[in-house]
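As they're listed, the protein sequences go chains A and B. Per the numbering used here, the very first residue in the first sequence carries number -14; after that it's consecutive. Per the numbering used here, the very first residue in the second sequence carries number 1126; after that it's consecutive. Structure record follows, encoded as structure tokens.
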Amino acid sequence: MIIDEKNYMHKSWWKIASALLLIYTFVCGLLLDVPNLPALEETIRNLYFHVGMWFCMMTLFILSVINSIRYLRSFSLKYDIYARQYATVGIVFGLLGYLTGAIWMSYTWADPNNPSFQSFSAVAREPKLIGTAIALLIYFAYLILRDSITDIDKRARISAVYNIFAFAMLFPTIWIVPRLLPSLHPGGQSGNPALDTRDIDHRMLAVFYPAVVGWTLLGVWITTLKIRINILKEKKMMQ
Amino acid sequence: MRSLNHIYSLLKKDLLLELRQQYNFYGVLLYIVATIFVLYLAIEEPEPKVWNGLFWVIQLFICINAVAKSFLQESRHRMLYFYSIAGPRDFVLAKLLFNSLLMLVMSLLSLLLFSLFLTNPVQKTGSFIGLVMLGGWSLSLVFTFLAAIAAKAQQNAAIMAILGFPIIIPQLLLLMRLSNAVFDPALTIPSDTILLLIAMDLMVILLAVILFPFLWKD
């Protein structure tokens, strides 16, 4: 097993950029003017946090599948560790996306006359919730499959194959399902579910794009730390 | 041409095995009969919507049972033998073909039993039979590949369900939406959704052909 040593420290400009962008997101996201819309009101600021989580999750899952492909092309075990860690952190961001969404939902969609437990089944039918649930289930299954095999090379190969297969099936899913079902989310049946610029006020775009980039860089940063820890652990086991 | 020959021989081998050791076929058949009989006792006359949902969920479970064994039955030594006489692509294509045939038979049988026991709310019989065949085919393709993964991971059929359910949800959703049109004579079946399903099936075959060689090596 060859795991080459990499010095990550000299390429730290994007970590500084991530921190600055997130500081900008928090300060300007909470202070700048936002359009005053009925029902949404000030909760609209959650856009910078909630949607950022989803972009970060999708980026991490895409990076995970790219590393699985790299593994199958080179059979170098470090790519297997990369793929697994990107998947794990992607799941964390997916759960955070659900959490921020749940907070937002409790102020906007939830029926005030109904306890939230009872309105769950109505809200859970949301196509975007379904799509994310599928994605999270796939990556949980990926983790279970990967950890159920003891042989290192076999584990890496089989889980890489599943990762690629599942991702290839997931992509049409999150592309099709939101356009198929009625939704409470903006976008959906008529247009692009995530990147419709007509949907969003221009004042908000100035914070939204930096927020998405900042959260994504933060996700990648966390993952590189986890990758380094795991590569060190593997090395310790080898000795 | 040679690879066609290989696929044909491997398919023939699977068919012959199925004919000689019939317990697998009858096992799945008994599973279908028992499940539908239990449903019949539990609910007598389901509404079309319930009928539709139950039908496709039962198809899903039948598929897992019918397909799960396809790779597990091949022992290590026999796999090595196949490796020496045919390529992995021929092998996986033969398996996909065989499981498609098996699942087509099983879906049609379960449709027959379903309409026998649980009444028949279907208005457009011809198009529904076509849909059932398409659905059975889609299910069998996805689960054949997952059976290969589960067999290589030396896991039981339970992991197939874990791996497969999230992947199959979109296709099941599309199938259920399509078959909703069958219960109402006023609705037409959207042909672009059918094309989408066929495109997804072709994608699964392509992925299986590309990815199976990596699973195969030991």
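We put the CB at the ideal spot given by N, CA and C, even for glycine.
_Cβ contact (3+ pairs, closer than 8 Å) linking the segment 193 to 211 of chain A and the segment 37 to 54 of chain A_ = yes
*Hey, is A/Pro20's beta-carbon within less than 8 Å of any beta-carbon in chain B?*
no
*Whole angstroms is fine: what's the gap from B/Gln1279's alpha carbon to B/Tyr1208's?*
19 Å
*Between A/Thr44 and the rest of its own chain, which residues show a CB-CB distance below 6 Å, the 5 nearest in sequence each way excluded?*
Thr201
_Spatial distance of B/Pro1171 from B/Ile1323 (CA atoms)_ = 30 Å
*Less than 8 Å between the CB atoms is what I'm expecting for B/Gln1248 and B/Val1307, so what's the real figure, rounded?*
6 Å
*Would you call A/Gln103 buried or exposed, if buried means 16 or more other Cβ atoms sit within 10 Å of its Cβ?*
exposed
*Hey, is B/Lys1220's beta-carbon within less than 8 Å of any beta-carbon in chain A?*
no
*In the structure shown, what three-state DSSP assignment does B/Gly1212 receive?*
coil
*A/Trp94 by DSSP, collapsed to three states: which one?*
coil
*If we count the other Cβ atoms within 10 Å of its Cβ and call it buried at 16 or more, is B/Val1163 buried or exposed?*
exposed
*Can the beta-carbon of B/Gln1296 be found closer than 8 Å to that of B/Met1328?*
no
*Members of the segment 1278 to 1300 of chain B that neighbour chain A once the beta carbon cut-off is set at 9 Å*: Ala1278, Gln1279, Gln1280, Ile1284, Ile1287, Leu1288, Gly1289, Phe1290, Pro1291, Ile1292, Ile1293, Ile1294, Pro1295, Gln1296, Leu1298, Leu1299
*CB-CB under 6 Å to A/Leu48, same chain, minus the five flanking residues each way: which ones, in chain order?*
Tyr71
*From A/Ile212 to A/Asn52, what does the alpha carbon distance come to, in whole angstroms?*
12 Å
*If we count the other Cβ atoms within 10 Å of its Cβ and call it buried at 16 or more, is A/His187 buried or exposed?*
exposed
*Just the chain A side, please: which residues come within less than 7 Å of B/Phe1270 by C-beta, in chain order?*
Phe150
*Where are the alpha helix (DSSP H) runs, 4 residues long or more, that stay fully inside the segment 108 to 143 of chain A, in chain order?*
112 to 133
*asked:* Would the segment 24 to 34 of chain A count as touching the segment 1126 to 1133 of chain B if we require 3 or more Cβ pairs under 8 Å?
replied: no
*asked:* Quick check: the Cα distance between A/Gly86 and A/Met42, rounded to an integer number of angstroms?
replied: 14 Å
*Mind listing the chain A neighbours of B/Ile1274? Cutoff is C-beta to C-beta under 7 Å, in chain order.*
Ile143, Val146, Tyr147
_contact_flag[the segment 1133 to 1150 of chain B, the segment 110 to 126 of chain A] where n(CB pairs < 8 Å) is 3 or more_ = no
*Among B/Leu1320, B/Ala1286, B/Glu1199, which has the Cα closest to the Cα of B/Val1182?*
B/Ala1286
_Please tell me whether A/Ala87 has its Cβ less than 8 Å away from any Cβ of chain B._
no
*Does the segment 1303 to 1318 of chain B come close enough to the segment 1197 to 1208 of chain B that 3 or more CB-CB pairs lie under 8 Å?*
no
*Pull up the distance between the alpha-carbon of B/Tyr1148 and that of B/Arg1203, whole angstroms please.*
21 Å
_Determine, for B/Met1328, whether the minimum Cβ-Cβ distance to residues of chain A falls below 8 Å._
yes
_Within 8 Å of any Cβ in chain B, is that where the Cβ of A/Ser175 sits?_
Residue placement at A/Ser175 is poorly supported in this model, since its pLDDT is 49, which falls under 50; the coordinates still yield a value, given next. Not closer than 8 Å to any Cβ of chain B, the Cβ of A/Ser175 fails to qualify, so no.
*Residues in its own chain within less than 6 Å of B/Leu1218 by CB, not counting five upstream and five downstream?*
Ile1132
_A/Phe60 (DSSP reduced to helix, strand or coil)_ = coil
*Could you please give the first and the last residue of the uninterrupted alpha helix (DSSP H) stretch that includes B/Glu1143?*
1127 to 1145
_Chain-ordered neighbours of B/Phe1339 on chain A, where CB pairs are closer than 8 Å_ = Leu57, Arg142, Ala145, Val146
*For A/Pro157, which residues in chain B fall below 9 Å Cβ to Cβ?*
Pro1295, Leu1321, Ala1324, Met1325, Met1328
*If contact means a Cβ-Cβ distance below 7 Å, which residues of the segment 115 to 141 of chain A contact chain B?*
Ile119, Leu122, Ile123, Ala126, Ile129, Leu130, Ser133, Ile134
*So, using beta-carbon positions, are B/Ala1333 and B/Leu1234 closer together than 8 Å?*
no
_C-alpha gap between A/Leu15 and B/Ser1265, whole angstroms_ = 52 Å
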